[in-house]
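> Attaching a single structure in structure tokens format; questions to follow.
Chains as they are written, first to last, in my numbering: chain B, 309 to 921; chain Y, 0 to 476.
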């Protein structure tokens, strides 16, 4: 059945391309309908998945000793597939009227179909080789989509491709090692390390996150949301396989280290913590909002890694839930930014401001998403982070606890910056006539808002699924009821919290209405007190308070060496070295080559006479 | 029936060679005639190759042996065709046939001396066929010389100015033929026979002797098979090449000389020092890929790429064991993909990578086929190249050649990079620049289309590769 769906999508991709060529809106709408249909199909499988541990679909054919295209379905796969398809479905609904800024609309839809295929293929793959095929399919199709983006997109896409291929090849090595059969613990360790490197690159985890900023920043806006919202979760899936499905704690038992964790797991958890801090700090310093969200993805990938690597009921539940939460928040943030971009055609924060009155729905989506990012109730982000904290606190892990809390508090700083500078403050004159985006773009935003709040208020629905996954991989499942989550330290009732928050909101609302009305003043009349000094070549933009928003903070961290710069420098140097070699071998004078050849003749002849007789 | 089949192989060589000498006469009749003669002969050769390949498949033949007048070498010529070589003959001759259309109708193809070129072309056809079939060393030498001369004519005719490339090539091949002669003499002095596959071989000789002979053959055939360090001519020859010349160099001559080197190495058990040849092969691979990655001209890029492919095939061949089984399927797919790439490039007609800038509209079909060929060469999933590449990599890994495995992966990183870079430049224009092109259908774009349909079909139905693969294993090389 799965192969049929894939083949059908494969055929549909051409159809969608042609349809989009005729009318882009209809083509995109068809794509959205198809994705929703596939999503519906998988959603309906839930009872079957819940009752049966492993649904097998059999493989299409065997070649070179590998079973290609064999698919299975279990709860954890179902979870990932549903999240992935929802992300693409939401983005494609948004794209119906939101893909106007994409120059190659039909091709975009064409490749997006392949992204859907790869999501189904990767997460339902019954063996590693099938997973690898769809993994690579995603790499090269998303490469072309990223190339469609902004000015530097081509370069960004190549960086993305290069690192993705490194990831793919590491994974291929790991796959071969496992398929060949591992006998020693050391062999396992190496295979795991290969997988982890692939997961780190694909998941955008520090220190292999280098591609994230240029790629997210320059990709088409809608695709950035998919990339950040779901495609980096491919890395999380590999982490899940390595850390929970194998799992490393059992396989590498001789590397026991701390808190019943293996050294391997603990190192990863530490790297996760490091990723949280590094991503947060880097995000604070960005002026381009898309770069900012890209770095926030680094930090959130760190949370997922931390949760999965740390093990235990609550951390894994938190990590798994964070996969979904980050999908929602990243989509929420990127789509709202895409909506803003469709109006302002810029992503530089210092060029915007005061859009809240013009685009209230977009603002609200962004607001709810960032509240979720910062882990504040009643949003879903609170629950997942809270679960991770539970584990860290109960184990008394100070270092990682610090990292996790740092990321939460730091995220206030970076998510607040776009809020304040894009939506609040003063509206630049050029956006006087800005309007809220069309209804097709609003629908996914509404859905994201509702889902973020819903899973924050009733996390039971998602934790129930996660509990089944935990049961599947042999971890003690998390206990929840409709209104509460029970942990070793305490029990949490999200519903009560939500009611309290709602009560607070109601009171605030009443106070707002009771308060005297404010008088409105047109803002451009008294901008910079009417004083713009032309001699100093000043423009209203440099008075914008978004300019150098966190200057003092940036000054604090300015001396920290940049990994990205180091990477580019070393790539440049390697390239120069290669050019030097090539110059010697192919572009220098012919005589050199002749002499080289003569020398080789002489050597052979000498060898011939010495060795022969 | 058998009798007829046994007489066929010589036609593949004799007819092109005979007509090569008659070209001056045809020229007297009409100036355009030589080109059509070439196409006709290519058609004739292709049909014979198809006939032979079908005979092998349907009749369950194992081998066709042909000897001119029952003379033993060096007085006569002995040809030997197995299923594998019949498939290679099929591939080469079909591609030559398709190339014939470019030879006549490609507008970008202009050479100074048209009928000289026709002679070179026919010589290349005859010699590459002969090299694949030949079963005696002396004839390998003879046809190697013919191939060299033809290649030299081709390389020289392409030049508008400056003969550095062809001069370079001349030096290399001249040295190569001397080496070949020494090697053949030595083999003859040991074996007492010029037959390639015979009851005696160098298997019984001392190890050092075999090593030196192996090196001599390696150097001699390395020029045309594009093995490092005999590749200095590549950027110069490919730099200004036309469609036909690039194809002849990268597909036809490279295939035949690589194939003949495989044949010699197998027949005479020349792989005495695996490490030494592996170092050469892997250096070829790596240097080829990084040079391709650094090149700014598409033709040169794929010239270097084809050098790298020779390296990887040679490395896999040297490794032997399970890996060697994957050489032939990989060889096939690479040659197919590369033909698609070169055909497409010359249809698009824009050679500087930086100038591509979204000019896919120049030739829509060829742009698409370039993508198919390129992705297949890079080994991307769901295309034919993926299956053979993954099979080969698996075999290399399973035979514990981890260093080779990592070097191949490392170099294919660069390969993927430049192929995707070219495709990206071709399809996406720079932001802010306008490209106004009107698509005009070119009949020649149907040629890469046919080949890429084959690649696509093999990608979707890879079991066919497997079936072929099992058949191929039966006959020997």
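Every residue gets a Cβ at the ideal spot worked out from N, C-alpha and C, and that includes glycine.
For clarity, every value in this text was computed on a predicted model and none was experimentally measured.
Which runs of the alpha helix (DSSP H) spanning at least 4 residues fall entirely within the segment 320-395 of chain B, listed in chain order?
Those alpha helix (DSSP H) runs which fall completely within the segment 320-395 of chain B and span 4+ residues are 332-352 and 354-359.
> Given that residue 379/Y touches chain B, what residues does it touch there, using C-beta distances under 9 Å?
Within chain B, the residues near residue 379/Y are 444, 445, 447 and 448.
> Could you tell me which chain Y residues have their CB closer than 7 Å to the CB of residue 465/B, listed as they occur along the chain?
Those within 7 Å of residue 465/B in chain Y are 423.
> For the segment 171-188 of chain Y and the segment 254-262 of chain Y, state whether three or more C-beta atom pairs, one from each stretch, are separated by less than 8 Å.
These segments do not touch.
> Looking at the secondary structure, which residues open and close the alpha helix (DSSP H) in which residue 286/Y lies?
Segment 273-293, the alpha helix (DSSP H) holding residue 286/Y.
> Is residue 541/B close to chain Y? Criterion is C-beta to C-beta, closer than 9 Å.
No, residue 541/B does not count as interfacial toward chain Y.
> Distance cutoff 9 Å, beta carbons only. Does residue 177/Y sit that close to anything in chain B?
Closer than 9 Å: yes.
> Taking beta-carbon pairs under 7 Å, can you tell me which members of the segment 509-533 of chain B lie near chain Y?
Under the 7 Å Cβ criterion, the segment 509-533 of chain B contributes no residue.
> Can you give me, in chain order, the residues of the segment 419-443 of chain Y that have a beta carbon less than 9 Å from any beta carbon in chain B?
Within the segment 419-443 of chain Y, the residues whose Cβ lies closer than 9 Å to some Cβ of chain B are 419, 420, 422, 423, 424, 426, 427, 428, 429, 430 and 431, listed in chain order.
> Along the segment 880-896 of chain B, what residues have a CB closer than 8 Å to any CB found in chain Y?
Listed by position along the chain: 883, 886, 887, 889, 890, 893, 894 and 895.
> Applying the criterion that 16 or more other CB atoms from any shown protein chain within 10 Å of the CB defines a buried residue, is residue 647/B buried or exposed?
That one is buried.
> Are the segment 128-135 of chain Y and the segment 3-13 of chain Y touching, with three or more C-beta to C-beta distances below 8 Å?
Cβ pair count under 8 Å is three or more, so yes.
> Interface residues of chain B around residue 416/Y at Cβ under 8 Å?
Correct list: 466, 469, 470 and 473.
> Would you identify the three-state DSSP class for residue 377/Y, choosing helix, strand or coil?
Looking at residue 377/Y - three-state DSSP - the assignment turns out to be coil, as it is neither helix nor strand.
> Got a sec, what are the start and stop residues for the beta strand (DSSP E) residue 81/Y sits in?
Its beta strand (DSSP E) spans residues 77-81.
> With DSSP run on the structure shown, which of helix, strand or coil describes residue 400/B?
Helix, per DSSP.
> For residue 66/Y, list the residues DSSP reports as bridge partners.
Paired residue(s): 77/Y.
> Mind pulling the alpha helix (DSSP H) runs of 4 or more residues that sit fully within the segment 382-437 of chain Y?
Correct list: 383-397 and 401-426.
> I want to verify the contact list: residues of chain Y whose CB lies under 9 Å from the CB of residue 909/B, in sequence order.
In chain order: 174, 177, 178 and 218.
> Could you check whether residue 682/B and residue 633/B sit closer than 9 Å to each other, using their CB atoms as the reference points?
Contact: no.
> Between the C-alpha atoms of residue 446/Y and residue 543/B, what's the straight-line distance to the nearest angstrom?
Rounded to whole angstroms, residue 446/Y to residue 543/B spans 41 Å at the Cα level.
> For residue 418/B, which option in 533/B, 332/B, 700/B and 589/B has the closest C-alpha, if you only look at C-alpha atoms?
Residue 332/B is the option with its Cα nearest to residue 418/B.
> Listing by chain order, which chain B residues have their CB less than 9 Å from the CB of residue 336/Y?
Per Cβ cutoff of 9 Å: no residues; residue 336/Y is ~15 Å from chain B at best.
> Taking residue 329/B as the query, report the chain Y residues whose CB atoms sit under 8 Å from its CB, ordered along the chain.
Chain Y residues near residue 329/B: none, gap ~12 Å exceeds 8 Å.
> How far does the alpha helix (DSSP H) with residue 883/B in it reach, from first residue to last?
Run containing residue 883/B: 871-890, per the alpha helix (DSSP H) assignment.
> Kindly list the residues whose CB is nearer than 6 Å to the CB of residue 16/Y, restricted to its own chain and excluding five residues on each side of it in sequence; keep chain order.
Hits under 6 Å: 125.
> Would you mind reading off the limits of the alpha helix (DSSP H) that contains residue 249/Y?
It is not in any alpha helix (DSSP H) - residue 249/Y carries neither H nor E in the DSSP assignment.
> Look up residue 705/B in the DSSP assignment and give the residues it is bridged to.
Paired residue(s): none; residue 705/B is not in a bridge.
> Alpha carbon to alpha carbon, how far is residue 686/B from residue 761/B? Give it in angstroms, no decimals.
Their Cα atoms are separated by approximately 6 Å.
> Compare the C-beta of residue 480/B against all C-beta atoms of chain Y and say whether one is closer than 9 Å.
With 9 Å as the cut-off, residue 480/B counts as an interface residue toward chain Y.
> Chain B partners of residue 462/Y, CB-CB under 7 Å?
What residue 462/Y touches in chain B: 369 and 371.
> In chain order, what residues of the same chain have a beta carbon less than 7 Å from the beta carbon of residue 342/B, not counting five sequence neighbours either side?
So the list reads 320, once near-sequence residues are dropped.
> Residue range of the alpha helix (DSSP H) that residue 444/B falls in?
Element bounds for residue 444/B: 436-455.
> Which residues, in chain order, does the segment 694-727 of chain B contribute to contact with chain Y at a C-beta distance below 7 Å?
So nothing in the stretch comes that close.
> Any idea which residues DSSP pairs residue 433/B with across the strands?
Residue 433/B pairs with 379/B.
> Using three-state DSSP, classify residue 788/B as helix, strand or coil.
Note: residue 788/B maps to strand in three-state DSSP.
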